[in-house]
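Numbering (the working numbering), first residue to last: 100 to 836.
Structure below.
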């Protein structure tokens, strides 16, 4: 390789990108970006919201609550002016402000495309430069995240400008600018520390010590950026380089341990990993390594190589691979520097425990250079035969179409239910005098979605980490929840945590539910809990216990009849009795799902903790909604119900079979409806023994006695109760539209 070769020839002979072609590529990219924006519903990433939250907190002089992420304030500083002007103008609708943030991100993305056009032009000519711009601008990962505030694209712009300035060996001025751009990339995203180090190392291989002043200028420029990051840490965190050093220790210690382990140095890897973990022993989730298996990451270190087709659609993947082949045939420093940096980054990033092609966004300028070389190999030099140019244009068109199709397949609306739930909170707040104080299990999912009638607060600690909190941290969350009028959460947060479940079961009502199996299948049903106004009765509840209640008044209030008295068979060990007063089915605001409420009366002491098996569906249909749970949801088991206690308990009813299992296809009960006959609700009530199975079934009592009514061969009792062959009792029928 020639030491004087460069990314750009001498300035007087540098090829210039086509102005009209550049505008065309930028225009097409803008159209695709607007399409991507139009398809958004819900925030894509907690990270992107945290950047906005930090920017708002920065201009207001506030501290971000419950943030354990390590972030540079460089990218935050780009967003801060938008929030500063919004506060100056007294803006209340911050959804418009979020739109401005997206516009800024799109402009940064367009600048990345422009830079890549210049890189491709300098590497392989005008046509190749335009192809490099299309290669980046039509990339589905780029299109997905260029409309949300993530720092990787801004970092990629800095990397691209650095490459433009890593030119002729010995040019100290350009080397200084390149170093400053690399420092800027670190300011934007700490993940580019590896990219910057790789580029500096490649430049050292090129220049060696013959052009020491240029290399020192490169390092000096990089040092300026690192100093700026350390200074921002001093201003924002109170310590020089606090987040920078923390990120370095947390990430590179683990990567180094995995590299050592892959080469067989197991004990050294374990020791290094334990030293790294010990640095953060006071952090939540820190853990020690004890076995060789513990230092192996969950994904293969070759993930980025074996899944490259997920990042690049096949026409662009082909051009990239052809470009690599062309570069290897005729090595020159103009491609060796980005090639060495790209290879090193791809290898080492594979050792990180978290692997996502979003982390490759800063590498796009490096990859685009080889895509441009691949284009040149396909179409030939400028003025080559027309058919080869047509082949190249077909590749561009195919790449655009496939990129757009893959973008449409991304689950960008996964968290849209939180936005919809917050809209309902805004509506409820407008109807209540004084508005509502609201919070969310995922604050980031509803950030800046509140109206002027809602005071959105953030819990001191996210509920997801409940099991790892100490008593003081849990008490802080409980204290915050005590002042909340409305709360948005997905059901998965409450179900495994009895203390939280009990709070919302006993103090709140369910005001709405949002669930779409295909859209937020990984999230599950999202509920809006509202604390009723003083003196108002809760409607759709998880649980309510009324001791010594006026049964007649309760029946009248809920339009219930006498119900059914349920008893055990005489051969059972205990004469338990329980009255089912009735059931209610109410459609909830939201996505058209229902809330099923059971009304129970304990007429005598109960000795068992009973399980309720529920089924709901059309007669003779195979698809049915099924659910099994303990009476009282486990927080008020039936054995604790005192005589004279009315228990009202509810549960969401989604008209589908296995609706909450994301691995199974949707089987909607209304979609497969056989007739217009009413839907039936069936139940079976008893206990479950781990070895003996179902026991102690409670059955409708015979009139005037404490024994079950006799069932005929047809499954009917003299009183008209109907059983199926499995022993399920028909509880009620419902006409549904």
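Note that the Cβ used here is the ideal one computed from N, Cα and C, for glycine as well.
Let me make sure I understand the geometry here. Which of the options has the alpha-carbon closest to that of residue i?
i: residue 863; options: 713, 141, 461; result: What is shown of the chain runs 100 to 836, which leaves residue 863 out entirely.
i: residue 417; options: 427, 463, 477, 426; result: 477
i: residue 211; options: 199, 229, 195; result: 229
i: residue 678; options: 687, 662, 668; result: 662
i: residue 837; options: 640, 597, 590; result: There is no way to answer for residue 837, as the model of the chain reaches only from 100 to 836.
i: residue 446; options: 456, 502, 403; result: 403
i: residue 275; options: 320, 258, 290; result: 320
i: residue 800; options: 816, 565, 792; result: 816
i: residue 769; options: 570, 400, 585, 720; result: 720
i: residue 409; options: 504, 421, 488; result: 504
i: residue 512; options: 158, 136, 605; result: 136
Along the chain, where does the beta strand (DSSP E) containing residue i start, and where does it finish?
i: residue 747; result: 744–752
i: residue 831; result: 828–833
i: residue 252; result: Not the beta strand (DSSP E): residue 252 falls in the alpha helix (DSSP H), residues 250–264.
i: residue 724; result: 724–729
i: residue 799; result: 797–799
i: residue 147; result: Segment 145–159 is the alpha helix (DSSP H) holding residue 147; no beta strand (DSSP E) there.
i: residue 244; result: That residue, residue 244, is in no beta strand (DSSP E); its alpha helix (DSSP H) goes 239–244.
i: residue 605; result: Counting along the chain, residue 605 falls outside any beta strand (DSSP E), though it belongs to the alpha helix (DSSP H) covering 597–606.
i: residue 681; result: 676–686
i: residue 555; result: 553–555
i: residue 590; result: Where residue 590 is concerned, there is no enclosing beta strand (DSSP E), although the alpha helix (DSSP H) it sits in stretches over 590–593.
i: residue 626; result: 625–629
i: residue 715; result: 710–716
Measure the Cβ-Cβ separation of residue i and residue j and say whether it is below 8 Å.
i: residue 251; j: residue 467; result: no
i: residue 627; j: residue 520; result: yes
i: residue 306; j: residue 313; result: yes
i: residue 689; j: residue 767; result: no
i: residue 879; j: residue 795; result: In the structure displayed, the chain extends from 100 to 836; residue 879 sits before or after that span and is not available.
i: residue 680; j: residue 698; result: yes
i: residue 587; j: residue 514; result: no
i: residue 740; j: residue 755; result: no
i: residue 294; j: residue 462; result: yes
i: residue 834; j: residue 777; result: yes
i: residue 257; j: residue 283; result: yes
i: residue 237; j: residue 529; result: no
i: residue 609; j: residue 523; result: no
i: residue 298; j: residue 327; result: no
Along the alpha helix (DSSP H) that carries residue i, what are the first and last residues, could you check?
i: residue 180; result: 172–187
i: residue 654; result: 650–657
i: residue 698; result: Where residue 698 is concerned, there is no enclosing alpha helix (DSSP H), although the beta strand (DSSP E) it sits in stretches over 693–701.
i: residue 782; result: First-last for residue 782: 778–788, but that is the beta strand (DSSP E), not the alpha helix (DSSP H).
i: residue 574; result: 570–581
i: residue 130; result: 118–137
i: residue 427; result: 413–428
i: residue 408; result: 407–410
Between residue i and the rest of its own chain, which residues show a CB-CB distance below 6 Å, the 5 nearest in sequence each way excluded?
i: residue 547; result: 193, 197
i: residue 780; result: 715, 830, 831
i: residue 288; result: 250, 251, 254
i: residue 301; result: 436, 439, 440
i: residue 683; result: 696
i: residue 668; result: 807
i: residue 803; result: none
i: residue 823; result: none
Please list, in chain order, all residues of the same chain as residue i whose beta carbon is under 7 Å from its beta carbon, the five residues on each side excluded.
i: residue 114; result: 220, 221, 224, 225
i: residue 384; result: Because the pLDDT at residue 384 is just 40, under 50, the model does not fix this residue reliably, and the point stays unresolved.
i: residue 497; result: 414
i: residue 390; result: Only weak support exists for where residue 390 lies, its pLDDT of 36 falling under 50; the value from the coordinates is given anyway. Answer for residue 390: no residue qualifies.
i: residue 155; result: 182
i: residue 280; result: 257, 260, 261, 264
i: residue 332; result: 338, 339, 340, 341, 342, 343
i: residue 125; result: 209, 212, 213
Could you pull out every residue in the same chain whose Cβ sits closer than 8 Å to the Cβ of residue i, ignoring the five residues on either side in sequence?
i: residue 556; result: 536, 537, 538, 579, 582, 583
i: residue 150; result: 170, 174, 175, 178, 248, 249, 250
i: residue 594; result: 600
i: residue 753; result: 614, 624, 692, 693, 724, 759
i: residue 674; result: 666, 667, 703, 805
i: residue 272; result: 316
i: residue 647; result: 743, 744
Checklist line | Entirely enclosed alpha helix (DSSP H) segments - the region 194–237, minimum 4 residues | finding: 225–236
Note to self: Report the start-end ranges of each alpha helix (DSSP H) in the region 271–352 that is 4 residues or longer and not cut off at the edges.
What the structure shows: 271–287, 292–306, 311–335
Notebook entry, point to check: Quick one: complete beta strand (DSSP E) runs, 3+ long, within the region 471–548?
Noted result: 535–539
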